[in-house]
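Working notes, structure below.
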Amino acid sequence: MKGWWGRILRVDLTNNRVWVQEYPEEVAKKFIGGRGLAAWILWNEAKNVDPLGPDNKLVFASGPFNGLPTPSGGKMVVAAKSPLTGGYGDGNLGTMATVHLRKAGYDAIVVEGRAKKPVYLYIEDDNVSILSAEGLWGKGTFETERELKNIHGKNVGVLSIGPAGENLVRYAVVMSQEGRAAGRPGMGAVMGSKKLKAVVIKGTKEIPVADKEKLRELSQEAYNAILNSPGYPFWHRQGTMATVEWTNENSALPTRNFQDGSFEFARSIDGYTMEGMKVKQRGCPYCNMPCGNVVLDAEGQESELDYENVALLGSNLGIGKLNEVSVLNRIADDMGMDTISLGGAIAFIMEAKERGLIKDDAAPEFGDFKKAKQLALDIAYRRGELGNLAAEGVMRMAEKLNAEDFAMHVKGLEVSGYNCYIYPAMALAYATSSIGAHHKEAWVIAWEIGTAPIEGEKAKKVEYNITYDPVKAAKVVELQRLRGGLFEMLTACRLPWVEVGLSLDYYPKLLEAITGVRYTWDDLYNAADRVYALIRAYWVRELGGKWGRHMDYPPKRWFTEGLKSGPYRGQHLDREKYDGLLSEYYRIRGWDERGIPKKETLRKLGLEEVIPELEKVTKLE
């Protein structure tokens, strides 16, 4: 094979065993890499397992774009059965680990079992060691990475967990490079459950590609197109932080646990404020449009910001000082917690206190930075009743307090940075995302509003009417095929396309130059649909009798309450009309009215082997 190694590094921590598995070329072509390869592995190997038990499989998967000079191709997917949701979980991050993994001669690492004591994995090409991490256990991700680079040299890729992963916080993530995180649905907790503190990788091999000259030529052309984009200068200044102003203008900024869509102190936490505080920028490997804006926080330490961090730890908590928000963000990164879910959990606690459901004096109220900071640390260490409760995530807290009315999650994953009282397409995107309420797979809200956040110096406000046109369901599927399919399989960052308009036509051309396989757009869409159907089948199998159409609904609050301020005050989603949109989504996907792929659809996608497995838990149409 060209472009793929066809090799997976297998690690059994229970038996201290390492080996290499070769996988078929047919699998590489069908699933491409990244999320596709991870979903295939989990479907076949992580059946009805305890997410925090030794039988769960933790997958680090790269794609054909990784380790090569492709536009923003420095991404890696981390996947496992989720301890937060009970279904499929994954996330991607930019990291040198993906470059070194591919140069070491592997497309993925699969870790199973559980070590008796803390360990870390050291991979140098074909030489793989399981080493003691007892001296690193308990340390934050920043210090862990620095120490491992002192030992193994700076030219390595490091993935690690912090105290949150060690203490099995259900939304702990895997961290790299002091600000890059992966696996919102608890991939860090899975890593912690295996007593695996870190993975260090050094690769020196040349990745086999089909046409080196064509790859070089196309990549250079794409990199130049990015730099020459009209939107590039403003992107370089603000990155995703420009979105604060835009969402606030369009009543979509999460405010005080999503009770409202605009925040009175939005200007104090937006991209312009960030510009004045910025001390440096960071980017992922092979990226020439870095989005990691680093500021000095209220404690004088560096914190890498993006929009989601600031929306969920700022306006969603009622905190209007960017230097204080930056402290919470840094704590989350160092402790190895998802910033979005952390913000969702703390906001839920704040509202529960406001409603009198929590009477603990340690619980913060909206706007209370000091108590929010203390709670964040207590969550990471599962300290006290409140910290332990919040470490379970919003879904479990809501069940315990009988408070689903204001629980902002889908399938157990906390909602990210877009408030959807008046945006049914974005609500549908959240509801049908592969991992729960995440924006990454279909950032349809920009299309739905009719503008995008980066079109110049100021956010563009447009007149907007709530509609439930079936074209919205089609648009969600289209974007999921691209963002949650193509980019997650390659594995590459979507921002060059989304933010500065890099033509999508580069991607199949680059893939052909790397692998020698010509994929049409129909082929790529089919591959994306295959991965979506397989992930949906995984959910249905793992949840057994608990799966139903209700799993694809957004939070109750968006149907029952209205926006509290602004031009759309009092407006909210219509449940019946949303239901029609969901049915149209299922029709396009070839899924039944429960959201389960039909037999005909599975056969068409080359997933015949899934049918008998699913029929053990449900009747298929």
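Quick note on numbering: my numbering labels position 345 of the sequence shown as 438, and the sequence is numbered without any gaps.
Just so you know, even glycine gets a beta-carbon here, dropped at the ideal spot from N, CA and C.
Please determine whether the Cβ atom of residue i lies at a distance below 6 Å from any heavy atom of the ligand COA.
i: Ala524; result: Among the components modelled here there is no ligand, and therefore nothing to report on the ligand COA.
Output needed for residue i: all residues of its chain with C-beta closer than 6 Å, excluding positions within five of it in sequence on either side, in chain order.
i: Pro301; result: Lys95
i: Ile424; result: Ala469
i: Glu714; result: Asp685 and Lys691
i: Lys307; result: Ala606
i: Ala552; result: Residue placement at Ala552 cannot be trusted, given a pLDDT of 48 that sits under 50; the coordinates are not used to answer.
i: Val221; result: Val111
i: Asp426; result: Gly272
i: Ser344; result: Gly354, Ser355, Leu656, Gly659 and Tyr661
What separation, rounded to the nearest whole angstrom, lies between the Cα atoms of residue i and residue j?
i: Leu468; j: Gly437; result: 13 Å
i: Gly486; j: Ala455; result: 18 Å
i: Glu368; j: Arg330; result: 7 Å
i: Leu707; j: Ala630; result: 7 Å
i: Met169; j: Ile216; result: 16 Å
i: Arg103; j: Leu214; result: 11 Å
i: Glu654; j: Ile538; result: 20 Å
i: Ala318; j: Ala190; result: 27 Å
i: Arg668; j: His643; result: 12 Å
i: Leu135; j: Lys373; result: 39 Å
i: Trp97; j: Asp363; result: 42 Å
i: Leu695; j: Asn141; result: 21 Å
i: Lys504; j: Arg309; result: 42 Å
i: Ala139; j: Gly129; result: 15 Å
i: Leu241; j: Arg375; result: 20 Å
i: Arg239; j: Gly578; result: 34 Å
i: Asp453; j: Gly460; result: 17 Å
i: Leu311; j: Leu597; result: 12 Å
i: Glu143; j: Tyr325; result: The identity of residue 143 in the sequence shown is Asp, whereas the question assumes Glu. Computed Cα separation, rounded: 45 Å.
i: Ala291; j: Glu299; result: 25 Å
Let me make sure I understand the geometry here. Which of the options has the alpha-carbon closest to that of residue i?
i: Tyr116; options: Asn137, Leu617 and Asn109; result: Asn137
i: Met280; options: Asn402, Asp219, Lys150 and Phe327; result: Lys150
i: Glu357; options: Met370, Glu497, Val337 and Lys639; result: Val337
i: Ser286; options: Lys247, Thr340, Gly324 and Gly146; result: Gly146
i: Met501; options: Val633, Gly246, Lys209 and Tyr646; result: Tyr646
i: Glu417; options: Asn159, Ala391 and Val624; result: Ala391
i: Gly699; options: Gly688, Asn619 and Gly160; result: Asn619
i: Tyr181; options: Ala626, Val710 and Lys670; result: Ala626
i: Arg576; options: Ala535, Glu592 and Tyr557; result: Ala535
i: Leu289; options: Glu693, Pro660, Gly393 and Glu227; result: Glu227
i: Leu320; options: Pro589, Asn260 and Ser419; result: Pro589
i: Tyr661; options: Ala359, Thr432, Leu229 and Tyr557; result: Tyr557
i: Gly641; options: Trp614, Val591, Asp616 and Val710; result: Val710
i: Tyr511; options: Val703, Ile542 and Glu118; result: Ile542
i: Lys371; options: Ser419, Gly683, Gly413 and Ala132; result: Ser419
Is the CB-CB distance between residue i and residue j below 7 Å?
i: Leu294; j: Gly250; result: Residue identity differs from the one stated: residue 294 is Ile in this sequence, not Leu. Contact flag set, yes.
i: Ala265; j: Gly272; result: no
i: Asn386; j: Leu405; result: no
i: Ile515; j: Gln664; result: yes
i: Arg110; j: Gly184; result: no
i: Ala484; j: Val171; result: no
i: Glu401; j: Ser322; result: no
i: Ala315; j: Pro164; result: yes
i: Met430; j: Gly126; result: no
i: Glu677; j: Pro563; result: yes
i: Thr178; j: Leu636; result: no
i: Ala154; j: Thr608; result: no
i: Glu592; j: Trp328; result: yes
i: Ser253; j: Leu186; result: no
In three-state terms, what does DSSP make of residue i?
i: Tyr618; result: helix
i: His502; result: strand
i: Asp471; result: helix
i: Gln114; result: strand
i: Tyr213; result: strand
i: Tyr181; result: strand
i: Asp304; result: coil
i: Arg574; result: helix
i: Ser355; result: coil
i: Ser596; result: coil
i: Thr348; result: strand
i: Lys140; result: coil
Keeping to the same chain, check which residues put their C-beta closer than 8 Å to that of residue i; ignore five residues upstream and five downstream.
i: His245; result: Tyr215, Val293 and Lys295
i: Tyr671; result: Pro517, Ala520, Leu521, Tyr561, Tyr646, Pro647 and Phe652
For chain C, find out if any of its Cβ atoms is closer than 7 Å to the Cβ of residue i; answer yes or no.
i: Cys513; result: Chain labels in this structure do not include chain C; a single protein chain is all it has.
Near residue i, what residues of its chain come up, given a Cβ to Cβ distance below 7 Å and the 5 sequence neighbours on each side ignored?
i: Val192; result: Asn159, Gly160, Gly167, Gly250 and Pro378
i: Gly156; result: Ile125, Gly126, Gly127, Met582, Leu583 and Thr584
i: Thr333; result: Cys384, Asp399 and Tyr400
i: Pro347; result: Ala404, Leu405, Ser408, Asn409, Gly510 and Asn512
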